[in-house]
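Visitor:
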Amino acid sequence: MVIQKEKKSCGQVVEEWKEFVWNPRTHQFMGRTGTSWAFILLFYLVFYGFLTAMFTLTMWVMLQTVSDHTPKYQDRLATPGLMIRPKTENLDVIVNVSDTESWNQHVQKLNKFLEPYNDSIQAQKNDVCLPGRYYEQPDNGVLNYPKRACQFNRTQLGDCSGIGDPTHYGYSTGQPCVFIKMNRVINFYAGANQSMNVTCVGKRDEDAENLGNFVMFPANGSIDLMYFPYYGKKFHVNYTQPLVAVKFLNVTPNVEVNVECRINAANIATDDERDKFAGRVAFKLRINKT
Numbered sequence: 152m153v154i155q156k157e158k159k160s161c162g163q164v165v166e167e168w169k170e171f172v173w174n175p176r177t178h179q180f181m182g183r184t185g186t187s188w189a190f191i192l193l194f195y196l197v198f199y200g201f202l203t204a205m206f207t208l209t210m211w212v213m214l215q216t217v218s219d220h221t222p223k224y225q226d227r228l229a230t231p232g233l234m235i236r237p238k239t240e241n242l243d244v245i246v247n248v249s250d251t252e253s254w255n256q257h258v259q260k261l262n263k264f265l266e267p268y269n270d271s272i273q274a275q276k277n278d279v280c281l282p283g284r285y286y287e288q289p290d291n292g293v294l295n296y297p298k299r300a301c302q303f304n305r306t307q308l309g310d311c312s313g314i315g316d317p318t319h320y321g322y323s324t325g326q327p328c329v330f331i332k333m334n335r336v337i338n339f340y341a342g343a344n345q346s347m348n349v350t351c352v353g354k355r356d357e358d359a360e361n362l363g364n365f366v367m368f369p370a371n372g373s374i375d376l377m378y379f380p381y382y383g384k385k386f387h388v389n390y391t392q393p394l395v396a397v398k399f400l401n402v403t404p405n406v407e408v409n410v411e412c413r414i415n416a417a418n419i420a421t422d423d424e425r426d427k428f429a430g431r432v433a434f435k436l437r438i439n440k441t
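Each number in the numbering used here corresponds to the 1-based position in the sequence shown with 151 added.
1. Excluding the 5 residues preceding and the 5 following A417 in the sequence, name in chain order all residues of the same chain whose CB lies nearer than 7 Å to its CB.
2. Grab the span of the beta strand (DSSP E) containing L135 for me, first residue to last.
3. Along the alpha helix (DSSP H) that carries L265, what are the first and last residues, could you check?
4. Bridge partners of L214, per DSSP?
5. Excluding the five sequence neighbours on either side, which residues of its own chain have a C-beta within less than 6 Å of the C-beta of N348, listed in chain order?
6. Among the residues of its own chain, which have a CB less than 6 Å from the CB of V406, if the five just before and after it don't count?
7. What does DSSP give as the partner residues of A416 in its beta bridges?
8. Looking only at its own chain, which residues have a Cβ that is under 8 Å from the Cβ of F365, when we skip the five neighbours before and after it?
9. At the level of alpha carbons, what is the spacing between N269 and C311?
10. Tell me, to the nearest whole angstrom, how far the beta carbon of V408 is from that of R431; I am working on the premise that it is less than 8 Å.
11. Cutting at 7 Å between CB atoms, please list the residues of its own chain near Y320, excluding the five before and the five after it.
12. Can you tell me whether A189 is buried or exposed, with buried defined as 16 or more other CB within 10 angstroms of its CB?
13. Give a yes or no on whether the C-beta atoms belonging to A300 and H387 are separated by under 8 Å.
14. Under the three-state reduction of DSSP, which class applies to S271: helix, strand or coil?
15. How would you write the range of the beta strand (DSSP E) that L394 sits in, first residue to last?
16. Please report the distance separating the alpha-carbon of T230 from that of T239.
17. Among residues of its own chain, excluding the 5 on either side of V402, which ones have a beta-carbon nearer than 7 Å to its beta-carbon?
18. Only counting the same chain, and skipping five residues up and downstream in sequence, which positions put a Cβ closer than 6 Å to that of T207?
19. From the DSSP output, read off the bridge partner residues of R450.
20. Count the other C-beta atoms from every protein chain shown that fall within 10 angstroms of the C-beta of S160, then say buried if there are 16 or more, exposed otherwise.
21. So the alpha helix (DSSP H) N405 belongs to, where does it begin and stop?
22. Alpha carbon to alpha carbon, how far is R413 from T421? Give it in angstroms, no decimals.
23. Kindly indicate which three-state DSSP category L281 falls into: helix, strand or coil?
24. Here's a check: name, in chain order, each residue in its chain whose Cβ is nearer than 8 Å to the Cβ of T184, leaving out the five neighbours to either side.
25. Does DSSP put G182 in a helix, in a strand, or in coil?
Here it is, written out as structure tokens:
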């Protein structure tokens, strides 16, 4: 035999809901007395307070093991990468000689990038170092001992320095300068106490033919040992990365040329196919002429 439940009216449902929210007979709010609510709120207060304290303590203990100046783990940066300037999207350096706006953006970026390399600024902030040897600076027992940096003067970039250059780093004449820099790795002794330099080639045979001649500054694309090791942003406040400038003299116009530059150093591998930027950088160069 099926027993049908009595259907409640809308008024009865509202009354039951009101009674659930506040029951004047039992003095219960939402089904709990004041004492019950006090106990449950106290429980959650203590519970979440304990979790917060435990999390805070854990973070504090962890931060005691971390240096503000040197990353705890640097395994992903064991091999420094190379990068080019001017910095462009997709590493494409495209110049239209007859269109000032197409290359002026590169010139403005290079002006800003090279400003800290001005000889006057370098003389004011950095040291004249002895070439051919690392510029090691121990802490001498003083924590966070500030480090000095070696001078890299803009005039070392020769025809690519942009100083008094009416060709704007060669961009207005179709002989552009591209700057190669090595990414910073803290406490890395690049070169393993041996000389090192940067070389550039066309990636394929047709690229090599279209690339033409080029010159490098400093000569032979050399990078001196005195700019290493790097001690970190907070230690090495005025550190200036060494640069290699490549001036392309007669690139075949209106053709896209694939260029690869890599550093030749005893302790920097450049043949890791899993990392295309390890010790090398590839970019596209196109000089458009009408």
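In this text, a Cβ means the ideal position worked out from N, Cα and C, and glycines have one as well. Keep in mind the model is a prediction, meaning the values are calculated, not measured.
Guide: From the atom records:
1. G342, A343, Q345
2. An answer regarding residue 135 cannot be provided, because it is not within the stretch 152 to 441 covered by the chain.
3. Note, L265: alpha helix (DSSP H), 251 to 265.
4. Answer is none; L214 lacks a bridge partner.
5. Cβ neighbours of N348 beyond the five flanking positions: N371, G372, S373, N415.
6. The beta carbon of V406 sits closer than 6 Å to those of N361, all from its chain and outside the five residues before and after it, given in chain order.
7. I419
8. Only C351, V397, K398, F399, L400 meet the Cβ criterion.
9. 13 Å
10. The Cβ separation is near 16 Å, so there is no contact.
11. V258, L261, C311, G313, P327, C328
12. exposed
13. yes
14. helix
15. For L394, the enclosing beta strand (DSSP E) covers residues 394 to 399.
16. 23 Å
17. N361, L362, G363, V408, L436, I438
18. Excluding residues up to 5 positions away in sequence, nothing lies with its Cβ nearer than 6 Å to the Cβ of T207 in the same chain.
19. A query on residue 450 cannot be resolved here, the shown segment of the chain reaching from 152 to 441 and no further.
20. exposed
21. Taken as a continuous stretch (DSSP letters only), N405 belongs to no alpha helix (DSSP H), as it is neither H nor E.
22. 7 Å
23. coil
24. The answer, listed in chain order, is T177, H178.
25. In the structure shown, the three-state DSSP call for G182 is coil.
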